[in-house]
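Note that the working numbering has the sequence shown beginning at 1, numbered continuously upward.
All residues carry an ideal CB built from backbone N, CA and C; glycine is no exception.
Values in this document were obtained by computation on a predicted structure and should not be read as measured data.
Quick notes on the structure that follows.
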Amino acid sequence: MSLQKDYEKELEQFDLSMAPPEEEPQRQYYFIKKCRALVKRMEQEAGRPLTASTVTFGCQMNARDSEKLAGILEEVGYRMVEGEDADFVIYNTCTVRENANMRVYGRLGVLGNKKKKNPHMLIALCGCMMQEPQVVEKIRKSYRFVDLVFGTHNIYKFAELLAERLSGSGMIVDIWKDTDKIVENLPLQRKYAFKSGVNIMFGCNNFCSYCIVPYVRGRERSRSPRKIVREIERLVDDGVVEVMLLGQNVNSYGKNLEEPVTFAQLLREVEKIEGLKRIRFMTSHPKDLSDELIEVMAASEKICRHMHLPLQSGSSRILKIMNRRYTKEQYLKLVEKLRKAIPDISLTTDIIVGFPGETEEDFEETLDVVRKARYDSAFTFIYSKRTGTPAAAMEDQIPEDVVKNRFDRLLALVQEISKEMAGRLTGRVMPVLAEEVNGQDASLITGRLSNNLLVHFPGDQSFIGKIVNVRLKECKGFYYMGELTDE
Ligand code: SAH
Ligand code: SF4
Ligand code: F3S
């Protein structure tokens, strides 16, 4: 489903024998037109329609970027499919932890073998991993069958890079170190008809000492509130009822705009959009979570009862070395405020185990916060050393067996608490957004509560995208079984 069709008219006026325009996004429109001709020619050679697929690793920002790539691919004539059996496969990579990174190399090898059998096949790599010079070097050396490599800052140039690849031969590599540019109004293909991610900012300025994101996503840039609201209005016109506002630290949204705006003010504007039913956002950094935001959430009809509030560690000593800029006490105070203002709220978090120098006492502090904050769920990660980050150079890296032992203890506690927390709505009637037909039992619909928990209830395809009232009959650990009701 492409959103912006305004450019179709513009496309017609481009004469491809002329030089491309300098300004964006017109320049990309020109290359989309050019790619259309090139893809058509390839299709004629192949004697069949060509397919393309984006494979996304990593977070919601990457998922949103993949939708932008899919939008262009569709515009230039590819048929989008799922999985890796396609004529054009793009890996949108993540490098936040080492294992995310290793998975890509493994799968790339398999893809290379497929390419040997398909003369029309193209392979592209993009995303966060490509912002690391040693990765690009390895690809140039050991994965010479890759056609196109680009990074996070120039993803808007995809059509231009593709045109270059299709008109020549050999690997095209284009990586930028950083950017202050935000190019708007490019085509986009959404994965879901009824819900959508919306970027409100890019990059990160926080430099938590373990984290590679600021190095691969660049400095923080906020989009203007006007553009964000306009995008959401268009999405709503197109059938979207729920948006997820995306940024690495949404609580610092708007600080670098010419006319500074707070995240809470932005939420107030988004709330006014008629037809929009639900608002989610990700991720909140505890250091910037304001009272104003809590007030706006508490008073809102649309903001979902869910806050993802990464803790990382419960030890104030470790938090300081992590450069998180809050203490255990400040974090717990925030949790208390949130629970008081929004009693139904579901709290989720991210925790890292085994940060350099973490002692048993530090780890116990983390367990203590988990017990006190009572998370609905928590993503637990084993610390992964990322080259170039301050923590990678720290002495006192924790031995694997110690980390594993702590990780298992943390996971057991987290699971015990989430089970208890999940059941607290049993018997209530709650609004549920019907999202899809259940994968295992087609007589059931899977939907989501405002607090992000899943509910399965008898229903059919016609419910999808609608918000319906469901009685939560039974909690099965991490989801509910329910039934429709008129109450
Ligand atoms: N911007 C978000 C997090 C983005 S990365 C925030 O500040 O909360 C998602 C999660 O990956 C982080 O919350 C952290 O828990 C985890 N993570 C980041 N770097 C990591 C590393 N080097 N090792 C292990 N986990 C890491
Ligand atoms: Fe990484 Fe910290 Fe930025 Fe989150 S806030 S992306 S953890 S540096
Ligand atoms: Fe991974 Fe990049 Fe997101 S490193 S977590 S895909 S910002």
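Could you tell me whether any non-hydrogen atom of the ligand SF4 is closer than 7 Å to the CB of residue i?
| i | result |
| --- | --- |
| residue 285 | yes |
| residue 206 | yes |
| residue 189 | no |
| residue 28 | no |
| residue 248 | yes |
Under a Cβ-count criterion, where at least 16 other Cβ atoms within 10 Å of its own Cβ denotes burial, should residue i be classed as buried or exposed?
| i | result |
| --- | --- |
| residue 92 | buried |
| residue 190 | buried |
| residue 472 | buried |
| residue 194 | buried |
| residue 428 | exposed |
| residue 226 | exposed |
| residue 389 | buried |
| residue 207 | exposed |
| residue 249 | buried |
| residue 220 | buried |
| residue 393 | exposed |
| residue 110 | exposed |
| residue 19 | exposed |
| residue 505 | For residue 505 there is no data in the structure shown, the boundaries of the chain being 1 and 487. |
| residue 365 | buried |
| residue 33 | buried |
| residue 16 | exposed |
| residue 3 | In this prediction, residue 3 has a pLDDT of 43, which is less than 50 and means its spatial position is unreliable; nothing more can be read from the coordinates. |
| residue 480 | buried |
| residue 68 | buried |
| residue 399 | exposed |
Note the first and the last residue of the continuous beta strand (DSSP E) segment covering residue i.
| i | result |
| --- | --- |
| residue 431 | 429-437 |
| residue 496 | Within the shown structure, residues of the chain are numbered from 1 to 487, placing residue 496 beyond reach of any answer. |
| residue 448 | 444-449 |
| residue 246 | 242-246 |
| residue 481 | 479-484 |
| residue 475 | 467-475 |
| residue 123 | 122-127 |
| residue 161 | Residue 161 -> not in any beta strand (DSSP E); alpha helix (DSSP H) instead, spanning 158-167. |
| residue 195 | 195-199 |
| residue 455 | 454-458 |
Does the Cβ of residue i lie closer than 7 Å to at least one heavy atom of the ligand NAP?
| i | result |
| --- | --- |
| residue 214 | The ligand NAP is not among the ligands present in this structure, which contains only the ligand SAH, the ligand SF4 and the ligand F3S. |
Please determine, among the options, the residue with the shortest C-alpha to C-alpha distance to residue i.
| i | options | result |
| --- | --- | --- |
| residue 11 | 431, 394, 31 and 52 | 31 |
| residue 81 | 49, 109, 102 and 247 | 49 |
| residue 346 | 87, 275, 421 and 395 | 421 |
| residue 443 | 458, 38 and 108 | 458 |
| residue 130 | 252, 150, 116 and 115 | 150 |
| residue 431 | 75, 273 and 305 | 305 |
| residue 160 | 222, 73, 269 and 116 | 73 |
| residue 466 | 483, 174, 436 and 441 | 436 |
| residue 277 | 450, 475 and 83 | 450 |
| residue 464 | 470, 445 and 479 | 445 |
| residue 328 | 439, 338 and 313 | 313 |
| residue 200 | 90, 253, 188 and 214 | 253 |
| residue 45 | 8, 83 and 121 | 121 |
| residue 257 | 268, 223 and 39 | 223 |
| residue 71 | 158, 57 and 275 | 158 |
| residue 140 | 113, 164 and 171 | 171 |
| residue 307 | 377, 143, 326 and 64 | 377 |
| residue 60 | 370, 202 and 75 | 202 |
| residue 341 | 295, 237, 441 and 357 | 295 |
Does the ligand SAH have a heavy atom nearer than 7 Å to the CB of residue i?
| i | result |
| --- | --- |
| residue 131 | no |
| residue 211 | yes |
| residue 457 | no |
| residue 363 | no |
| residue 96 | yes |
| residue 310 | yes |
| residue 383 | yes |
| residue 321 | no |
Tell me whether residue i, by its Cβ, gets closer than 7 Å to a heavy atom of the ligand F3S.
| i | result |
| --- | --- |
| residue 61 | yes |
| residue 270 | no |
| residue 349 | no |
| residue 217 | yes |
| residue 128 | yes |
| residue 58 | yes |
So residue i is in the alpha helix (DSSP H); what residue range does that whole segment cover?
| i | result |
| --- | --- |
| residue 227 | 225-237 |
| residue 114 | 98-117 |
| residue 216 | 213-217 |
| residue 40 | 26-46 |
Taking only runs of the alpha helix (DSSP H) that begin and end inside the region 331-412, which ones reach a length of at least 4 residues, in chain order?
360-373
Taking the runs of the alpha helix (DSSP H) that are 4 residues or longer, which of them lie wholly in the region 278-329?
291-299 and 316-321
Return the chain-ordered ranges of every alpha helix (DSSP H) run that is complete within the region 244-275 and spans a minimum of 4 residues.
263-271
Which parts of the region 52-101 are runs of the alpha helix (DSSP H), unbroken and 4 residues or longer, counting only runs that do not cross its ends?
Counting whole runs of 4 or more residues, the region 52-101 contains the alpha helix (DSSP H) stretches 60-75.
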